[in-house]
Amino acid sequence: MSYHNPYTPPRKSATFDDHTLAEIRRAAATGIYDIRGAGTKRKVPHFDDLLFLGASISRYPLEGYREKCDTSVVLGSRFAKKPIMLKTPITIAGMSFGALSGNAKEALGRGATIAGTSTTTGDGGMTDEERGHSQTLVYQYLPSRYGMNPRDLRRADAIEVVVGQGAKPGGGGMLLGQKISDRVANMRNLPKGIDQRSACRHPDWTGPDDLEIKIMELREITDWEKPIYVKVGGARPYYDTALAVKAGADVVVLDGMQGGTAATQDVFIENVGMPTLACIRPAVQALQDLGMHRKVQLIISGGIRSGADVAKALALGADAVAIGTAALVAIGDNDPRWEAEYQKLGTTAGAYDDWHEGKDPAGITTQDPELAKRLDPVAAGRRLANYLKVMTLEAQTIARACGKNHLHNLEPEDLVALTIEASAMAQVPLAGTNWIPGKGGF
Numbered sequence: 004m005s006y007h008n009p010y011t012p013p014r015k016s017a018t019f020d021d022h023t024l025a026e027i028r029r030a031a032a033t034g035i036y037d038i039r040g041a042g043t044k045r046k047v048p049h050f051d052d053l054l055f056l057g058a059s060i061s062r063y064p065l066e067g068y069r070e071k072c073d074t075s076v077v078l079g080s081r082f083a084k085k086p087i088m089l090k091t092p093i094t095i096a097g098m099s100f101g102a103l104s105g106n107a108k109e110a111l112g113r114g115a116t117i118a119g120t121s122t123t124t125g126d127g128g129m130t131d132e133e134r135g136h137s138q139t140l141v142y143q144y145l146p147s148r149y150g151m152n153p154r155d156l157r158r159a160d161a162i163e164v165v166v167g168q169g170a171k172p173g174g175g176g177m178l179l180g181q182k183i184s185d186r187v188a189n190m191r192n193l194p195k196g197i198d199q200r201s202a203c204r205h206p207d208w209t210g211p212d213d214l215e216i217k218i219m220e221l222r223e224i225t226d227w228e229k230p231i232y233v234k235v236g237g238a239r240p241y242y243d244t245a246l247a248v249k250a251g252a253d254v255v256v257l258d259g260m261q262g263g264t265a266a267t268q269d270v271f272i273e274n275v276g277m278p279t280l281a282c283i284r285p286a287v288q289a290l291q292d293l294g295m296h297r298k299v300q301l302i303i304s305g306g307i308r309s310g311a312d313v314a315k316a317l318a319l320g321a322d323a324v325a326i327g328t329a330a331l332v333a334i335g336d337n338d339p340r341w342e343a344e345y346q347k348l349g350t351t352a353g354a355y356d357d358w359h360e361g362k363d364p365a366g367i368t369t370q371d372p373e374l375a376k377r378l379d380p381v382a383a384g385r386r387l388a389n390y391l392k393v394m395t396l397e398a399q400t401i402a403r404a405c406g407k408n409h410l411h412n413l414e415p416e417d418l419v420a421l422t423i424e425a426s427a428m429a430q431v432p433l434a435g436t437n438w439i440p441g442k443g444g445f
């Protein structure tokens, strides 16, 4: 005979939690896997697990805003005749026209230009509006080859060869038919309204030797003027960085699993790749082992939200960062003003990740002309510029507190970790000790 203890509430399983049970039922009912946008939602070690050690007696801080703290960065100085010079090390990551509306792409270009930084095309080609409103535009060269043509390669200020993305290293993205409008279909040479899935690897090369040949082709097409970036997902950062450098890259872009995506399988987003924090130090080590640290620039992306995140990434050895999801939020995505409409879509502001469905009330991740009109690219560009300005000022504030007159002078010695996991990944001491897991100390 069983006995129910009235004093003990029912206990749910940590393994079979409410989300897991709901996903099992959804899969059983539909027979299809779940697709969504955004990066991982699981909690992983991140920049919040690191703290800076401000200056006191053993270090001399810089005085407020009276002493200069430089934020400029040069990208692509290894081989390119015309390297990129930016006022801030915070760049805008690649997000395609197709995944985003034309107004959203224009807003990103406007905001980046005001802030003195670069933006990136993403898959699907270059629009005239984006090129026209972007002082510095990086052209992504992806496995799909959508929209790729020599004219746009030459119109770009840099070229980013995309090998992988943090949210789906080893996989391709998806663009559902409802977002393939006449213009998107024409730019991508696709039939209108038909679901499209991007390739997961480049069709004309299978390894680093072929990548070297491809980089040489791109250099010849652009008369050696444009910096060539290579973007990889955070999976094997040491070897991927080393091979990209050996293939001739000017810049390596490394994307952790918190990096967003327009759409792919949820199981992919949550179970493939590594946290951004775990990727930086192996990549830096590869550059150092090759004698190329600061000669080949390293851009880190995936979950960058604030000036503190920027400062921590640079202290760990990056030269710059790229933001995607945060930039969309800055121009108006997931805004509570549209809460009633998000509710109608079965979600809420701040949790909306069904970008692939093209029903974004904010007019950002959509090709619906009526929804897209809701986004004013001029006002949205100003908001992005404000956000970038604040992030830069925050990073400067931290650098000054550590006694540094340039953001690139921040170093691992300025950091401690709050958890053993973060200490091991970032290779900085656990707070209050000089112990780094696997490195000795006490």
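Residues in the sequence shown are numbered consecutively from 4, following this note's numbering.
Think of the CB as a built atom: it goes at the ideal place given N, C-alpha and C, for glycine as much as any other residue.
All figures in this text were calculated on a predicted structure; none of them were measured in a lab.
Simplified DSSP state of residue i, which is helix, strand or coil
{"i": "residue 100", "result": "strand"}
{"i": "residue 234", "result": "strand"}
{"i": "residue 82", "result": "coil"}
{"i": "residue 426", "result": "helix"}
{"i": "residue 409", "result": "strand"}
{"i": "residue 313", "result": "helix"}
{"i": "residue 93", "result": "strand"}
{"i": "residue 421", "result": "coil"}
{"i": "residue 326", "result": "strand"}
{"i": "residue 76", "result": "strand"}
{"i": "residue 56", "result": "coil"}
{"i": "residue 24", "result": "helix"}
{"i": "residue 302", "result": "strand"}
{"i": "residue 307", "result": "coil"}
{"i": "residue 334", "result": "helix"}
{"i": "residue 116", "result": "helix"}
{"i": "residue 111", "result": "helix"}
Close Cβ partners of residue i (< 7 Å) along its chain, the five nearest in sequence each way excluded
{"i": "residue 119", "result": "89, 90 and 91"}
{"i": "residue 331", "result": "367"}
N- and C-terminal bounds of the beta strand (DSSP E) containing residue i
{"i": "residue 68", "result": "Where residue 68 is concerned, there is no enclosing beta strand (DSSP E), given that its DSSP letter is neither H nor E."}
{"i": "residue 258", "result": "254 to 258"}
{"i": "residue 161", "result": "161 to 165"}
{"i": "residue 89", "result": "87 to 89"}
{"i": "residue 348", "result": "From DSSP, residue 348 is part of no beta strand (DSSP E); its letter is neither H nor E."}
{"i": "residue 17", "result": "No beta strand (DSSP E) holds residue 17; DSSP gives it neither H nor E."}
{"i": "residue 35", "result": "Looking at the DSSP string, residue 35 is not in any beta strand (DSSP E), and its letter there is neither H nor E."}
Own chain partners of residue i with C-beta closer than 6 Å, once the 5 adjacent residues on each side are dropped
{"i": "residue 184", "result": "370"}
{"i": "residue 248", "result": "293, 295 and 299"}
{"i": "residue 341", "result": "364 and 365"}
{"i": "residue 198", "result": "179 and 180"}
{"i": "residue 374", "result": "366"}
{"i": "residue 269", "result": "37 and 39"}
{"i": "residue 146", "result": "202, 204 and 205"}
{"i": "residue 63", "result": "406"}
{"i": "residue 279", "result": "259, 261, 305 and 306"}
Supposed contact pair residue j and residue i - C-beta distance, whole angstroms, cut 8 Å
{"i": "residue 237", "j": "residue 282", "result": "4 Å"}
{"i": "residue 169", "j": "residue 291", "result": "About 22 Å separates the two Cβ atoms, so there is no contact after all."}
{"i": "residue 123", "j": "residue 162", "result": "No, residue 123 and residue 162 are not in contact; Cβ-Cβ is about 10 Å, not under 8 Å."}
{"i": "residue 335", "j": "residue 306", "result": "At roughly 20 Å, the Cβ-Cβ gap does not stay under 8 Å, so residue 335 and residue 306 are not in contact."}
{"i": "residue 372", "j": "residue 345", "result": "That pair is no contact at about 20 Å."}
{"i": "residue 404", "j": "residue 57", "result": "4 Å"}
{"i": "residue 378", "j": "residue 192", "result": "Not quite, the Cβ-Cβ distance comes to about 27 Å (not below 8 Å), so this is no contact."}
{"i": "residue 97", "j": "residue 143", "result": "5 Å"}
{"i": "residue 408", "j": "residue 65", "result": "6 Å"}
{"i": "residue 318", "j": "residue 421", "result": "So it is not a contact: roughly 15 Å between Cβ atoms."}
{"i": "residue 130", "j": "residue 108", "result": "6 Å"}
{"i": "residue 304", "j": "residue 325", "result": "4 Å"}
{"i": "residue 230", "j": "residue 256", "result": "About 11 Å; that fails the 8 Å criterion."}
{"i": "residue 251", "j": "residue 302", "result": "17 Å between Cβ atoms; not a contact."}
{"i": "residue 397", "j": "residue 311", "result": "6 Å"}
{"i": "residue 121", "j": "residue 155", "result": "The Cβ separation is near 16 Å, so there is no contact."}
{"i": "residue 322", "j": "residue 76", "result": "6 Å"}
{"i": "residue 85", "j": "residue 220", "result": "At roughly 18 Å, the Cβ-Cβ gap does not stay under 8 Å, so residue 85 and residue 220 are not in contact."}
{"i": "residue 110", "j": "residue 384", "result": "5 Å"}
{"i": "residue 164", "j": "residue 232", "result": "7 Å"}
First through last residue of the alpha helix (DSSP H) which encompasses residue i
{"i": "residue 142", "result": "First-last for residue 142: 140 to 144, but that is the beta strand (DSSP E), not the alpha helix (DSSP H)."}
{"i": "residue 391", "result": "380 to 404"}
{"i": "residue 218", "result": "211 to 224"}
{"i": "residue 248", "result": "240 to 249"}
{"i": "residue 134", "result": "131 to 136"}
{"i": "residue 374", "result": "372 to 375"}
Sequence-distant residues of the same chain with beta carbon closer than 8 Å to residue i, five excluded per side
{"i": "residue 177", "result": "38, 198, 199, 200, 201, 265, 266, 267 and 359"}
{"i": "residue 432", "result": "419, 420, 426, 438, 439 and 444"}
{"i": "residue 235", "result": "166, 167, 172, 243, 244, 247, 255, 256, 257 and 258"}
Inset, instruction - Could I get the ranges of all uninterrupted alpha helix (DSSP H) runs contained in the stretch 261 to 299, with 4 residues as the minimum, in chain order? - result: List check, alpha helix (DSSP H) in window: 269 to 274 and 279 to 292.
Legend entry - Runs of alpha helix (DSSP H) wholly within the stretch 157 to 207 (minimum 4 residues, chain order): Fully enclosed alpha helix (DSSP H) runs of 4 or longer: 185 to 191.
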